[in-house]
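Residues 1 to 589 in the working numbering are what the sequence shown lists, from first letter to last. Backbone N, C-alpha and C define an ideal beta-carbon position, used for all residues, glycine too. Worksheet: the structure to be examined is printed underneath.
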Amino acid sequence: MKNNIIDSSLGNMVEILEYRGNEYLKLNVQLKKLMHSIDDDDIRLSIMQAALAEPMRWWCPNGKQEELILTIVDRMERSRTPTVLFSAANGLGKTNGSVNILGNIIYGAQNGWFLHRPFLAWNNPKVAWYITTKTGLTDVLIPEIKRLFPAGTYEFSKMGAAVERAIHFENGWELRFFTMDVGVDQMESASVGLIIIDEPAPESIWKAVKSRGRMGCLYLLPMTPLNVEPYILDEIDRNKNDNLYARVTASIYDACERRGVRGHLDPQIIDEMVEKYPEDEKQARVYGEFMYFREKIWTALDPSVHFVNPEDYPVDFAKDYIVQTVDPHDSRPTACIYGALQFIEHSEDYKRKIREGTAYQQVRRVIFAETPRDQSQPYWEMYRSMRLDEEPQHWAEYEDELGIYAVHRRVIDKRYGFQTKLSSNIASIYANAGKELNSAFHANKRFVYEPSYDLRSTDSDGLGEISYGHNLVNKALDVLEDGKPGLVVWNNCYHTKNGMTHYIRKRLTNRNGNEIAVGESKIIERYKDFNDVLRYFTAVNMTKSYIELKNESEENEVSKRNRSVPYHQVNGSRNIYKVLGRQMRKARQ
């Protein structure tokens, strides 16, 4: 097609850019829109033929794909091994955009959207890896490569497998394909310049590929973030090193012809697609937001409600029922939380129901402290640096610092805490270490632990017991009669909050990589420790003797207040002389 036809007939929809003696086409609208704007059949036919012959030259990114390109350019100027996460809704064009980016790296800039340094002069090794699902490889990726890449410039190789495993390009590039079930031993000893992981990958793959960028590498992660393992958020999305990590988020509406920038999808089709998505998947499929918590265990957890400022939920160490729960670990520090049980103040109507036996006194649980106190890294990345017999001393000093005079109950994992090794167990080690504390400073501290809650009807893995604990916690998260949640965590408790937001079930898959029935899922072990102590804490109730003592104390306090208030407030009494006499006798005492 002649350039003068482009200039005179198509206005600003198509540009011809020159760079170092070469001309680059820049399509500023989607090809479909361009075709609709042309009345001349010959011009329309010539454009169609040109686009089929050189699809990468005629490719137009939508607004979010353009943002992805510019983000890659920006991060590659800042870092030799940048990671760019493209968190996008279904239909946005993740794979199409990724393959176009791949092609403009392998072949050099093919159109005006890629006139940037990484696409004009690639400095990393000319080896690329593309990691995707089995169906993604055979049904999407390979057909897209065959459609976009110039025929005759590359050769596929199955490398002894049933499907294509590599492409060798005539310009010296090599592209390798891996699927999500690959063994990490197959990812050794290579220096790779570009790694694309299309859709969420197991953490083992992510760990394996990170060492392949020793000569410089771009890590591109396009995905619809459904059932994502939390490592992606931990390391990438929440990382504060903006030079090394970046995220581009795109909703389905960014691909809309009416609501998006250079969108390619019909608005009506988008709205109908959105209407059909399950509610629990819309965040990922529609908005490109992470849904790793789709299988979250604390279904009632709302961080904006349950993670609170201490001043909004104060703890009174003199009046509240204080509990410490611990879960020792072989290689990590012991997971430990401190919580308070508090009677809430009920309305008069609710108090009447309590007296009538149709309701009960509600209790709020406030988690206000934890150990380890080091918050520089997630708990599951930490290693033990303190002996078991040193921990009671550490806790005693911490309790003194907090102002805790006495802990009413101390609870430990009933299995690991009382498992006998070399004629002793951890609970005994703690108790004996507690006896050795300096009585001048810690005379009131005893580190005698009781076992965590027990259920008789459980299977060999204790699943019935765990499910029971999950139900307790989810129920405790509900709103109480005073309009506030029954379980809250102070914002300073980093490990507890982190554990709760990461506590998920992993969806099991069959041999083909497909998810199996909904009931088949497994708790991810690395995130469970602080959630175990949370279960233990939620299962603890105030003792009967404590409740009786507290009620008696409150009755005495009420009686004391009644004796000291002005005469006109005492039981509505109108006997002024009797009240004055009582006040005068009190004054003479």
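{"Query": "Straight-line Cα distance separating ARG384 from VAL366", "Result": "27 Å"}
{"Query": "Through-space distance from LEU265 to GLU257, alpha-carbon basis", "Result": "6 Å"}
{"Query": "Whole alpha helix (DSSP H) elements within the stretch 445–499, 4-residue minimum", "Result": "463–476"}
{"Query": "Start and end residues, alpha helix (DSSP H) containing GLN268", "Result": "267–276"}
{"Query": "Classification of ARG20 by the beta-carbon crowding that lies within 10 angstroms, buried from 16 upward", "Result": "exposed"}
{"Query": "Alpha-carbon to alpha-carbon, LYS240 and TRP59", "Result": "34 Å"}
{"Query": "Where MET215 sits in the DSSP three-state scheme", "Result": "coil"}
{"Query": "Unbroken beta strand (DSSP E) run spanning VAL366, endpoints", "Result": "363–371"}
{"Query": "Cβ-Cβ separation, HIS306 to LEU480 (assumed contact under 8 Å), whole Å", "Result": "Not quite, the Cβ-Cβ distance comes to about 13 Å (not below 8 Å), so this is no contact."}
{"Query": "LYS207 versus PRO82: straight-line alpha-carbon distance, rounded", "Result": "15 Å"}
{"Query": "Distance between beta carbons of GLU370 and ILE337, contact taken as under 8 Å", "Result": "5 Å"}
{"Query": "Among CYS217, GLU164 and PRO61, the one whose alpha carbon lies nearest that of ALA128", "Result": "CYS217"}
{"Query": "Residue of TYR453, SER423 and GLU397 minimising C-alpha distance to SER439", "Result": "GLU397"}
{"Query": "Contained alpha helix (DSSP H) runs [length at least 4] in the stretch 11–68, N- to C-terminal order", "Result": "31–36 and 41–53"}
{"Query": "Residues of its chain near TYR536, where Cβ-Cβ distance is below 6 Å and the 5 sequence neighbours each way are ignored", "Result": "THR325, VAL411 and SER452"}
{"Query": "Member of LYS26, TYR527 and ALA284 whose CA lies at the smallest distance from the CA of TRP380", "Result": "TYR527"}
{"Query": "Simplified DSSP state of PHE178, which is helix, strand or coil", "Result": "strand"}
{"Query": "Residue closest to VAL448, alpha-carbon to alpha-carbon, out of ASP389, ASN104, LYS421 and LYS475", "Result": "ASP389"}
{"Query": "Exposure of ILE16, with buried meaning 16 or more beta-carbon neighbours within 10 Å", "Result": "exposed"}
{"Query": "Coarse secondary structure for GLY339, derived from DSSP in three states", "Result": "strand"}
{"Query": "Cutoff 6 Å; reference TYR313; Cβ partners in own chain excluding five residues on either side", "Result": "VAL366 and VAL488"}
{"Query": "Pair within 8 Å by beta-carbon distance, ALA335 and VAL540", "Result": "no"}
{"Query": "Own chain partners of VAL209 with C-beta closer than 8 Å, once the 5 adjacent residues on each side are dropped", "Result": "TRP129, ILE131, MET187, VAL192, ILE195, ILE197 and TYR219"}
{"Query": "Beta carbon of PRO222 nearer than 8 Å to that of ARG147", "Result": "no"}
{"Query": "Cα-Cα separation, GLY469 to PRO333", "Result": "23 Å"}
{"Query": "Residues that DSSP places opposite TRP129 in a beta bridge", "Result": "ARG176 and ILE195"}
{"Query": "Alpha-carbon spacing of LEU175 relative to HIS168, whole angstroms", "Result": "7 Å"}
{"Query": "Terminal residues of the alpha helix (DSSP H) in which SER439 lies", "Result": "439–442"}
{"Query": "Same chain, Cβ closer than 6 Å to GLY519, neighbours up to 5 away in sequence not counted", "Result": "Below a pLDDT of 50, predicted positions are generally treated as unreliable, and GLY519, at 43, falls in that range; the measurement from the model is reported next regardless. Hits under 6 Å: none found."}
{"Query": "Limits of the unbroken alpha helix (DSSP H) element including ASP349", "Result": "348–356"}
{"Query": "Euclidean distance between Cα positions of GLY160 and PHE177", "Result": "13 Å"}
{"Query": "Proximity below 8 Å, CB of ASN243 to CB of SER79", "Result": "yes"}
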